[in-house]
Ligand SMILES: [Mg+2]
C-alpha cells in the first residue's frame, strides 16, 4: 500500500492547535482489554464507549481475531461506523466514511466495508509452516490443524465463534510444543520468508513482516489525517506483547494489567499502567488520559443544561 511508506512516526509531536479542537481516536485490543479475557464481557467499559461515540471519537478494534469473528462483535460493541484491524494487522476494514474516492474500490464486503490485506496470503504462510516444521524437526500445532471442538476448548468460544476464528486471511495462530531454542531457530527461518512471529494471549501468530498491529495503526492514522485534514491525538490500549507495536504507534498508551505473566514494555513517553484488568482497566486507562484534564471529553454529554448554566 503506497500510503504505508510515509506513515507518521509514532513519536510525531502532537500538533500545536488548540487541544480542545484537535480530533482524537482510540485504538484498542479486544481480548483481555476491552473484553474480559474469560467471559468476553465489556460492561465496565460501556459508559466510556457511549461517551466517546457521542463525542464522535472513533474507537477502533485492533485484534488477533479474524474478520469473521469481528463483524458480529463490532455490532455488539456499537462500533459499526469505525474501521477495524483484524488478524494482528494483516486485515484492515474501512467503513464507507473512511474510504478514499481515488484509492479504494467500492467495498463489496458486508455493509460496503473495504477490506485491505496488508501482508501475505494465508496459503503461503501455511505452506511455509509445514515445510519448516519438517525441515527443522520442530513441534507445533497450527490452528488449521485443530478441530472446531479443540478451538472451543482452548479459547472458551462457542461453536459459531470458534468456526469464525478458523477463517484466516493473513495470519496463522499456532500452539508451540517445543523449547525456547527451537523457537529462535524457527523465528530466524521465518524471517527468510518475510514472515514474523508474534505472541498473543493464547497462541503464537505467524504473519507477514511489517503487517503487525503498529503498522496497521500507523496506516489508519495517516488515512484519518488525510481525510480530516489534521492529525488526531491517538490513545492506544492493550494487554499483550502483540500490542506493543500498536502502543508505540500512538501518542498516549495504556498497558492494561494482564491475566498472564508476559512482559509488555512499550517505549512510550506517555504510558499508563492500570490497576484493574480487562474492561475495568480499559475504563481506568481512558479516564486517566481523558477523564480529568480535558474539559471537552470530561464533560458529561447528557448534562447539557447544567453546562449551559455554567457558561
Ligand atoms: Mg489481549
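In the working numbering, the protein residues as written are 112 to 422. Backbone N, C-alpha and C define an ideal beta-carbon position, used for all residues, glycine too. If you're wondering where the values come from, they're calculated on a predicted model, not measured in any experiment.
{"Item": "Check: residue 267 C-beta below 6 Å from any heavy atom of ligand 1", "Value": "no"}
{"Item": "Limits of the beta strand (DSSP E) - the one that residue 423 falls within", "Value": "Nothing can be reported for residue 423: it is not among the residues displayed for the chain, which extend from 112 to 422."}
{"Item": "Residue 402, DSSP secondary structure in three states", "Value": "coil"}
{"Item": "Through-space distance from residue 315 to residue 249, alpha-carbon basis", "Value": "14 Å"}
{"Item": "Secondary structure of residue 153, DSSP reduced to three states", "Value": "coil"}
{"Item": "Per-residue burial, residue 234 [other beta carbons within 10 Å of its own, 16 or more giving buried]", "Value": "exposed"}
{"Item": "Residue from 378, 335, 187, 285 with nearest C-alpha to residue 198", "Value": "285"}
{"Item": "Three-pair Cβ contact test at 8 Å for the segment 200 to 210 versus the segment 289 to 298", "Value": "no"}
{"Item": "Short Cβ contact (7 Å threshold) for residue 145 with residue 156", "Value": "yes"}
{"Item": "Nearest neighbour of residue 267, chosen from 368, 147, 137, 377 [CA to CA]", "Value": "147"}
{"Item": "Assigned secondary structure, residue 328 (DSSP; H/G/I helix, E/B strand, else coil)", "Value": "helix"}
{"Item": "Reduced DSSP category for residue 291 - H, G, I as helix; E, B as strand; rest coil", "Value": "helix"}
{"Item": "Whole-angstrom distance between residue 347 and residue 358, CA atom to CA atom", "Value": "5 Å"}
{"Item": "Backbone secondary structure at residue 118 - three-state DSSP", "Value": "Confidence at residue 118 is low in this model, with a pLDDT of 39, below 50, so its placement is unreliable and the value that follows should be read with caution. In the structure shown, residue 118 sits in coil (DSSP, three-state: anything other than H, G, I, E or B)."}
{"Item": "Cβ separation of residue 352 and residue 328, assumed to be a contact under 8 Å, to the nearest whole Å", "Value": "With 8 Å as the limit, residue 352 and residue 328 do not qualify as a contact, their Cβ atoms being about 16 Å apart."}
{"Item": "Own chain, CB closer than 8 Å to residue 343, minus 5 neighbours either side, in chain order", "Value": "133, 134, 135, 136, 332, 335, 336"}
{"Item": "Collapsed DSSP secondary structure at residue 182 in the structure displayed", "Value": "helix"}
{"Item": "Residue from 255, 270, 240, 154 with nearest C-alpha to residue 302", "Value": "240"}
{"Item": "Span separating the alpha-carbon of residue 394 from that of residue 159", "Value": "7 Å"}
{"Item": "Residue 251 in three-state terms, based on DSSP", "Value": "strand"}
{"Item": "Cβ pair count under 8 Å reaching 3, the segment 307 to 322 against the segment 271 to 279", "Value": "no"}
{"Item": "Through-space distance from residue 321 to residue 170, alpha-carbon basis", "Value": "23 Å"}
{"Item": "Chain-order list of residues whose beta-carbon lies under 6 Å from that of residue 113 (same chain, five-residue window excluded)", "Value": "Any answer about residue 113 is weak, because its pLDDT of 43 lies below 50 and its placement is not dependable; what the coordinates show is given next. There are no such residues."}
{"Item": "Cβ-Cβ distance between residue 173 and residue 324 below 7 Å", "Value": "yes"}
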